[in-house]
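Novice:
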Amino acid sequence: MHKARHSPARSIAAHAILIAWTVIALFPVFVIVINSFKSRKAIFGDPLALPLPENFDLVGYTTVLAQGDFFQYFLNSLIVTVASLFFVLLFGAMAAFALSEYRFRGNTLMGLYLALGIMIPIRLGTVAILQLMVASGLVNTRTALVLVYTAQGLPLAVFILSEFMRNVSHDLKNAGRIDGLSEYTIFFRLVLPLVRPAMATVAVFTMIPIWNDLWFPLILAPAEEVKTITLGSQVFIGQFVTNWNAVLAALSLAIVPVLVLYLIFSRQLIRGITAGAVK
Amino acid sequence: MGALTLSNVTKSFGKTDVIKGVSLEVSEGEFCVFVGPSGCGKSTLLRMIAGLEDVTSGDVILDGARINDLAPAKREIAMVFQTYALYPHLTVRDNMGLALKQAGVARAEIIAATDKAAAMLSLQPLMDRRPAELSGGQRQRVAIGRAIVRRPKLFLFDEPLSNLDAALRVATRIEIARLHRELNATTIYVTHDQVEAMTLADKIVVLRAGLVEQVGRPMDLYNDPDNTFVAGFIGSPQMNFLKSGLLGLSSETVGIRPEHLTLHPGGGQIRGRVNHVERLGGETLVYVTTVQHGMLTVRMFGEHNYDVDADIGVDFDAAHLFHFDAAGKRLR
Ligand SMILES: Nc1ncnc2c1ncn2[C@@H]1O[C@H](COP(=O)(O)OP(=O)(O)O)[C@@H](O)[C@H]1O
Ligand SMILES: [Mg+2]
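Chains A and B are the protein sequences, given in the same order.
Just so you know, we're using full-length UniProt numbering here: the first sequence kicks off at 1 and counts up by one.
Just so you know, we're using full-length UniProt numbering here: the second sequence kicks off at 1 and counts up by one.
1) If we require 4 or more residues per run, which alpha helix (DSSP H) segments fall completely within the stretch 221 to 251 of chain B?
2) So, under 8 Å CB-CB, A113/B and V149/B are touching, yes? Tell me the CB distance rounded to an integer number of Å.
3) Please determine whether the Cβ atom of S43/B lies at a distance below 6 Å from any heavy atom of ligand 2.
4) Please report the residue range of the alpha helix (DSSP H) in which S43/B lies.
5) Work out the CA separation of Y84/B and Q140/B for me, nearest whole Å.
6) Taking the alpha carbon of E25/B as the reference point, which residue from N8/B, T284/B, P37/B, S12/B has its own alpha carbon closest?
7) Along the alpha helix (DSSP H) that carries Y149/A, what are the first and last residues, could you check?
8) So the beta strand (DSSP E) G272/B belongs to, where does it begin and stop?
9) Could you name each continuous alpha helix (DSSP H) segment of 4 residues or more that falls completely within the stretch 84 to 118 of chain B, going from the start of the chain to the end?
10) Once the 5 residues before and after A9/A are set aside, which same chain residues still bring their CB inside 6 Å of it?
11) Quick one: give me the first and last residue of the beta strand (DSSP E) that R208/B is part of.
12) Around the Cβ of S84/A, are there at least 16 other Cβ atoms within 10 angstroms (buried) or fewer (exposed)?
13) CB-CB under 6 Å to A277/A, same chain, minus the five flanking residues each way: which ones, in chain order?
14) Excluding five sequence neighbours on each side, which residues of the same chain lie with their C-beta closer than 6 Å to the C-beta of V308/B?
15) Is the closest heavy atom of ligand 1 to the C-beta of V18/B under 6 Å?
16) On the DSSP letters alone, give me the boundaries of the alpha helix (DSSP H) that L78/A sits inside.
17) Is any non-hydrogen atom of ligand 4 found closer than 6 Å to the C-beta of C32/B, if you look at the structure I gave you?
18) Measuring straight from C-alpha to C-alpha, what distance separates L253/A and R189/A?
19) Under DSSP, the alpha helix (DSSP H) around F44/A begins and ends at which residues?
20) Which of helix, strand or coil does DSSP assign to G313/B?
21) If we ignore side chains and look at the alpha-carbon of each, how far apart do V256/A and F27/A end up?
22) So, does the CB of Q140/B fall closer than 7 Å to a CB anywhere in chain A?
23) In angstroms with no decimal places, state the Cα-to-Cα distance between K116/B and A73/B.
24) Using a Cβ cut-off of 7 Å, pull out every chain A residue sitting near Y87/B, in sequence order please.
25) Going by the CB atoms, is the gap between K42/B and G51/B shorter than 7 Å?
26) Can we count F13/B as close to ligand 1, meaning its CB is less than 6 Å from some heavy atom?
27) Would you kindly work out how many angstroms separate the C-alpha atoms of A20/A and V29/A, rounded to a whole number?
28) Using the rule of at least 16 other Cβ atoms within 10 Å of the residue's Cβ for burial, across every protein chain shown, is E278/B buried or exposed?
29) Considering only the alpha carbon of each residue, which of K227/A, A157/A, V168/A lies closest to D213/A?
30) At a Cβ threshold of 7 Å, is L45/B touching chain A?
31) Is it right to say H15/A is buried, meaning 16 or more other beta carbons lie within 10 angstroms of its own, or is it exposed?
32) Got a sec: which bits of the stretch 49 to 72 of chain B sit with their beta carbon under 7 Å from any beta carbon on chain A, in order along the chain?
33) Can you have a look at L52/A and say buried or exposed, based on whether 16 or more other CB atoms are within 10 angstroms of its CB?
34) With 7 Å as the C-beta to C-beta threshold (strictly closer), list the residues of the stretch 99 to 115 of chain B near chain A in chain order.
35) Per DSSP, what kind of secondary structure is H264/B in: helix, strand or coil?
36) Are the C-beta atoms of M79/B and some chain A residue less than 7 Å apart?
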């Protein structure tokens, strides 16, 4: 059994499958990025060709950057994503701690209720959410998006984090209680650092759908000054003419921040995914 | 300072009763050991004394004051855990000083207190390390140091030696005994290992399924057990139990310690076959299979040779028999 796992044939097969998967998954991204550096004619002439000196063209990027509000869109996306992420992680971890640490009536029921959101898409409630935002005067604010995305991200966060928090040593928490630490200190100083890999996992799974979302920005915050980058890029897609150079450039730029955030979390992420699998 | 009284305390988790009414006195300076098979509620009882579990009914009284509703940090207790439970982000010194810092003690005083505890446990070279840089034995010494620094009324230990290897376990056991002599603090120590209980305790409390079976000094429990459970639990190797009827005695069962049985190759009251021989150098244990009484253990001083599978006779000294009734209670 142990031997078989390390046989070269198996290892080659595993790597071949993984490499094939990586190529397939990255191919669309690769096509977007190479075409963003080509002239319009070259894009349609041979979409799979690499940018060459004769068809190299930065017109997409100049259009996007000249479109005055692009940086604002960028900033909006970043603010909304980071703020939502912060609240999802904070409230998710707090709820998970309460559910895993304290015995109270209705604990299991509360856990199920909080996990229900994993199965029910929040978009089903779009109309009610819009009415709510109109009534509270939050339409066309980033706050509206942050609130919705926090609600959207919490179920998975609570679900994953409570599982991890159950495994944090009870002795450690009890030692803290005997030494006079408050429950908040125990949570922030003892428990949170130990579930950091799980937090990173949750962060990545929460961040990507928020960054890519077009639905809620379109419905709740379409105004110029609060537009997110995904929505902002849509100006280049017209009903009759689409500025493909600009669209591709905007999409390429939009990848960068997620990539940076991902790299920040990834070291922790790998530990999070393999925790429990490897002891 | 440090007299503890439990008066009829119980603990239920939902519908399961884990502690079913325990009353106990631990006097000042006493080393009291809770011993019992795993799952009998030792840790639960200790956590109730520490304030980490609430008491379902009954009173926990420390130095005359009822402390049922007092937070753990306010009870003037210190606890050492099986898994050490050191704070991973703090140095050894900060681990040891945290409780005092939380209590608002001045920095200079904390340093003095941690230095003193470190000296008692030879921890000085480790003071600036983090727990991850220590071995298991060192971690447990730091955990003990952390308990000492607080100068508590009551020390609580929950199986502190279970995660250590055999040699370290003996060394740490001796260290704990020495610390208790020096500090003379009231101590409650939980273990499932009757050797630890016998060697450390002034007073042993034998627990079974949430109830106290017997309380007494180690030798009292060994020489005068109240029932078959205590008789079988205390002492290693275990006491032998024989069927009285077959020996012409009036009780239900009789117990006899392995050292009070003798072997007679030619004669003996009970005939059997040698099943296995363990030679430990200082003593020899012979396991004899008998038809009527099952396996008997015979313990002898020095080195002896017996052939496995040989027929043999076992004799006992009637003066050392313990008589028990059908319910396992001792008949005196
Ligand atoms: N939080 C809890 N909820 C439910 N049952 C528990 C809990 N803690 C302990 N128990 C039960 O109480 C019994 C005694 O546990 P414990 O005190 O840890 O035993 P010991 O330390 O003697 O091995 C066990 O049967 C255990 O399953
Ligand atoms: Mg225990």
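Beta carbons: idealized from backbone N, C-alpha and C, even for Gly.
Just so it is clear, the structure is predicted and the values come from calculations on it, not from any experiment.
Specialist: By the coordinates alone:
1) Taking 4 residues as the shortest admissible run, the stretch 221 to 251 of chain B contains the following complete alpha helix (DSSP H) segments, listed from N- to C-terminal end: 228 to 233.
2) Yes, they are in contact, since the Cβ atoms of A113/B and V149/B sit about 5 Å apart, within 8 Å.
3) For ligand 2, at least one heavy atom lies less than 6 Å from the Cβ of S43/B.
4) Element bounds for S43/B: 42 to 50.
5) Annotation: Q140/B to Y84/B spans about 6 Å, alpha carbon to alpha carbon.
6) When the alpha-carbon of E25/B is set against those of N8/B, T284/B, P37/B, S12/B, the nearest one is in N8/B.
7) Per DSSP, Y149/A is one residue of the alpha helix (DSSP H) stretching across 142 to 166.
8) For G272/B, the enclosing beta strand (DSSP E) covers residues 270 to 279.
9) Fully enclosed alpha helix (DSSP H) runs of 4 or longer: 92 to 102.
10) Correct list: empty, nothing qualifies.
11) For R208/B, the enclosing beta strand (DSSP E) begins and ends at 203 to 208.
12) S84/A comes out buried.
13) Only weak support is given to the placement of A277/A: the predicted model assigns it a pLDDT of 41, under 50, and the value that follows is read from those uncertain coordinates. Exclusion of the five residues before and after A277/A leaves no residue of its chain whose Cβ lies closer than 6 Å to its Cβ.
14) For V308/B, where only same-chain residues beyond five positions count, the Cβ hits under 6 Å are V274.
15) Distance from the C-beta of V18/B to the nearest heavy atom of ligand 1 is below 6 Å.
16) Residues 70 to 101.
17) Within the structure as shown, ligand 4 is missing, the only ligands being ligand 1 and ligand 2.
18) Cα to Cα, L253/A sits roughly 37 Å from R189/A.
19) Element bounds for F44/A: 40 to 45.
20) DSSP, reduced to helix, strand and coil, places G313/B within a strand of the structure shown.
21) Between V256/A and F27/A, the C-alpha separation is close to 17 Å.
22) The Cβ of Q140/B sits no closer than 7 Å to any Cβ of chain A.
23) Spanning the two alpha carbons is a distance of roughly 22 Å.
24) Close partners of Y87/B in chain A (Cβ separation under 7 Å): L190.
25) For the 7 Å CB-CB criterion, G51/B and K42/B do not form a contact.
26) Closer than 6 Å to some heavy atom of ligand 1: that describes the Cβ of F13/B.
27) Rounded to whole angstroms, A20/A to V29/A spans 15 Å at the Cα level.
28) Using a 10 angstroms sphere on the CB of E278/B, the tally of other CB atoms stays under 16, which defines it as exposed.
29) Among K227/A, A157/A, V168/A, the Cα nearest to that of D213/A belongs to K227/A.
30) Not closer than 7 Å to any Cβ of chain A, the Cβ of L45/B fails to qualify, so no.
31) Classification for H15/A: exposed.
32) Result list: A50, L52, P72.
33) Sixteen is the threshold: since fewer than 16 other Cβ atoms of the shown chains lie within 10 Å of the Cβ of L52/A, the residue is exposed.
34) Against chain A - using a Cβ distance shorter than 7 Å - the residues of the stretch 99 to 115 of chain B are A99, Q102, A103.
35) Strand, per DSSP.
36) It does: the Cβ of M79/B has a partner Cβ on chain A nearer than 7 Å.
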